[in-house]
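Data first, discussion second: the structure below is written as structure tokens.
Residue numbers (my numbering): 433 to 577.
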């Protein structure tokens, strides 16, 4: 198994059919001595950002179902550190987090689009060793996309 680090993708296998993770692709944004954290990138939440009370002034913008953990908060991945401050570099392309006021401004002024900003409700998390074990048992495969 190749060295695991932030920035890799995992895809669910048939072992996860019938579960929350059926047919999901997850971008792992943190992988360290504490564990792993990622977001499902191919599952719509079914609502738009402007449908949330706190963001009803926003333009319609898709929300993704990032995972089953902490579904009370929004999480942002973006490719625009030039206009969104405070993000943490995850890969050569994506930054995790950042100034949410600037995220909304970028959306409302069309300075960034859904290919440059991903907003998730919830995330996926694994304690140290859990993701490696799930990969070894065949629940996930590592993918380049």
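Just so it is clear, CB atoms sit at the ideal spot from N, CA and C, and this is done for glycine as well.
Just to confirm, are residue 495 and residue 478 a CB contact at a threshold of 9 Å?
yes
Would you call the region 478-492 in contact with the region 447-460, where contact means no fewer than 3 C-beta pairs closer than 8 Å?
no
Output yes or no for whether 9 Å exceeds the beta carbon distance between residue 493 and residue 552.
no
Starting from the C-beta of residue 445, find all residues in its chain whose C-beta is less than 7 Å away, skip the five residues before and the five after it, and write them out in chain order.
570, 571, 572, 573
Among 577, 575, 513, 567, which has the Cα closest to the Cα of residue 447?
567
Under a Cβ-count criterion, where at least 16 other Cβ atoms within 10 Å of its own Cβ denotes burial, should residue 461 be classed as buried or exposed?
buried
Cα-Cα separation, residue 561 to residue 468
9 Å
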